[in-house]
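Per my numbering, the very first residue in the sequence shown carries number 5; after that it's consecutive. C-beta atoms are modelled at their ideal positions from N, C-alpha and C, and glycine is treated no differently. A short write-up of the structure that comes next.
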Amino acid sequence: MTDNTADAPSGTPAGTPAETPPAPLTLLGLGAMGTALAGAWLAAGHPLTVWNRTAARAEPLAAKGAAVAATAAGAVAANRLVVVCLLDDASVEEALSGVDLTGRDVVNLVTGTPGTARDRARWVTGRGARYLDGGIMAVPPMIGVPAAGPYVFYSGSRGSFEEHRAALAVPAGTRYVGEDAGLAALYDVALLSAMYGMFAGVAHAFALVRAEAVDPVGLAPLLSSWLTAMTGSVAATAGELAAGDYTRDVVSNLAMQVAGVPTFLRTAEEQGVSAELLSPYFELMRRRLAEGSGEESLTGVIDLLRT
Ligand code: NDP
5 MTDNTADAPS GTPAGTPAET PPAPLTLLGL GAMGTALAGA WLAAGHPLTV WNRTAARAEP
65 LAAKGAAVAA TAAGAVAANR LVVVCLLDDA SVEEALSGVD LTGRDVVNLV TGTPGTARDR
125 ARWVTGRGAR YLDGGIMAVP PMIGVPAAGP YVFYSGSRGS FEEHRAALAV PAGTRYVGED
185 AGLAALYDVA LLSAMYGMFA GVAHAFALVR AEAVDPVGLA PLLSSWLTAM TGSVAATAGE
245 LAAGDYTRDV VSNLAMQVAG VPTFLRTAEE QGVSAELLSP YFELMRRRLA EGSGEESLTG
305 VIDLLRT
């Protein structure tokens, strides 16, 4: 069972008694995201020790009160809570190799796969530290801006999450999804994958109208509101998957939708647009129909994606 606990994104840690002083922490990595995180913790009064491979990037933060460590080992030694926001998993290995992690709580915000997170969790816990993995659902300008809705998926050590929840909630909301360290990355990549599917559809739509006297700026609100209206399908799909019945919430059945596919392909052809972004999905719809699933919704396509 997944524990899906969310704090409202907050610039002040929700539920923290006013007399509790902001907890000290260490941050490794001052790229675009690390710098945004550092700024949020400093603004909230957290004593912050930072380290970055290129030392010059720490200077603006030193001016704002951050302690700057000369080495990653020195930064890790400074505080129990160690947040890592480096480029990729290889840079985490490079930065932390040979560093004493005993007794630390390592929070790894580097984007990676579930498998990478599980491997890194074993690597870190094998060296005497607790491990939390994080998937950041935000871009740097959203960090520390609760109204923008930033949050981070966390998975791994529940004890570590509970203990540091208030500090973690400063730059972005927190959403703990379970003890399995790979889950945060899985949620993160699942959401981002859906986003790329949406980007693909939007790209195709703009490509279709581009050759005509259709103003893309005028089309944009129509496209946005249509996509928003269609998001109801997410809950319907989830309900069908949970029930194991793909005929439950059918609004427009697969047979009807496959009958419409030639219209989409011919329109693309007429407009001089490649259908390469849509064709793979249409192919799956046709395959599912060929299996005799015409009365289903589109949910059955998910079954075909298993490798
Ligand atoms: P940047 O490219 O801006 O910064 C990369 C950071 O990693 C720098 O601090 C860089 O140090 C450091 N680094 C790279 N290689 C090494 C190495 N071998 N050893 C030590 N340090 C190294 O990336 P971001 O800050 O934008 O991203 C950081 C993480 O946050 C990534 O995993 C990213 O996927 C994730 N993220 C970023 C988002 C974004 O929109 N930016 C959104 C969500 C997640 P140096 O300054 O010396 O080059």
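Proximity below 8 angstroms, CB of residue i to CB of residue j
i: Leu32; j: Val111; result: no
i: Arg131; j: Leu105; result: yes
i: Arg179; j: Phe157; result: yes
i: Ala77; j: Thr30; result: no
i: Ala27; j: Ala170; result: yes
i: Leu312; j: Met199; result: A query on residue 312 cannot be resolved here, the shown segment of the chain reaching from 5 to 311 and no further.
i: Pro175; j: Trp45; result: yes
i: Arg84; j: Arg57; result: no
i: Gly148; j: Gly43; result: yes
i: Ser161; j: Arg134; result: yes
i: Met141; j: Asp192; result: yes
i: Leu308; j: Arg290; result: no
i: Gly139; j: Ala189; result: yes
i: Ala40; j: Pro144; result: yes
Residues that residue i bridges to, as DSSP identifies them
i: Trp55; result: Leu32
i: Ile140; result: Val156
i: Thr178; result: Val156
i: Val86; result: Thr30 and Val110
i: Ala71; result: Thr53
i: Arg134; result: Asp109
Best match in the options for proximity to residue i [C-alpha to C-alpha]
i: Ala74; options: Gly153, Arg84, Lys68 and Arg61; result: Arg61
i: Leu288; options: Thr30, Ser301, Ala188 and Ser278; result: Ser301
i: Pro279; options: Glu299, Met37 and Val265; result: A small fix is needed here, since residue 279 is Ala in this sequence, not Pro. Comparing Cα-Cα distances from Ala279 to each of Glu299, Met37 and Val265, the minimum goes to Val265.
i: Tyr285; options: Gly236, Ala224 and Gly205; result: Gly205
i: Gly298; options: Thr251, Thr311, Thr271 and Leu281; result: Thr251
i: Leu195; options: Ala185, Gly222, Ala224 and Thr115; result: Thr115
i: Ser256; options: Thr241, Glu166, Ser283 and Leu113; result: Thr241
i: Ala211; options: Ala185, Thr271, Met234 and Phe165; result: Thr271
i: Ala59; options: Gly49, Ala71 and Val221; result: Ala71
i: Ile35; options: Leu91, Pro25 and Ile147; result: Before going on, a small fix: residue 35 reads as Gly here, not Ile. Measuring from the Cα of Gly35, the nearest candidate turns out to be Leu91.
i: Trp393; options: Val96, Ala48, Ala47 and Thr24; result: One cannot answer for residue 393 here, as it falls past the ends of the chain, which runs 5 to 311.
i: Val86; options: Lys68, Leu136 and Ala67; result: Leu136
i: Gly102; options: Thr117, Pro118 and Val80; result: Val80
i: Gly49; options: Leu309, Thr24 and Ile306; result: Thr24
i: Ser197; options: Thr117, Glu166 and Gly296; result: Thr117
i: Asp184; options: Ser237, Leu172 and Phe165; result: Phe165
8 angstroms contact criterion, which residue i and residue j should meet: CB distance rounded
i: Ala215; j: Gly276; result: 6 angstroms
i: Val258; j: Gly304; result: Per the sequence shown, residue 258 should be read as Leu rather than Val. At roughly 7 angstroms, the Cβ-Cβ gap stays under 8 angstroms, so Leu258 and Gly304 are in contact.
i: Ser229; j: Leu187; result: Ser229 to Leu187, Cβ: 33 angstroms. No contact.
i: Asp93; j: Thr120; result: 5 angstroms
i: Ala207; j: Leu281; result: 6 angstroms
i: Leu293; j: Val262; result: 5 angstroms
Near ligand 2: residue i beta-carbon under 7 angstroms from a heavy atom
i: Gly264; result: Ligand 2 is not part of this structure, which contains only ligand 1.
Worksheet item: What residues come near ligand 1, if near means a beta carbon less than 7 angstroms from any of its heavy atoms?
Response: Those residues are Gly33, Leu34, Gly35, Ala36, Met37, Gly38, Asn56, Arg57, Thr58, Arg61, Cys89, Leu90, Leu91, Asp92, Ala94, Ser95, Glu98, Ala99, Leu113, Val114, Thr115, Ile140, Ala142, Val143 and Pro144, given in chain order.
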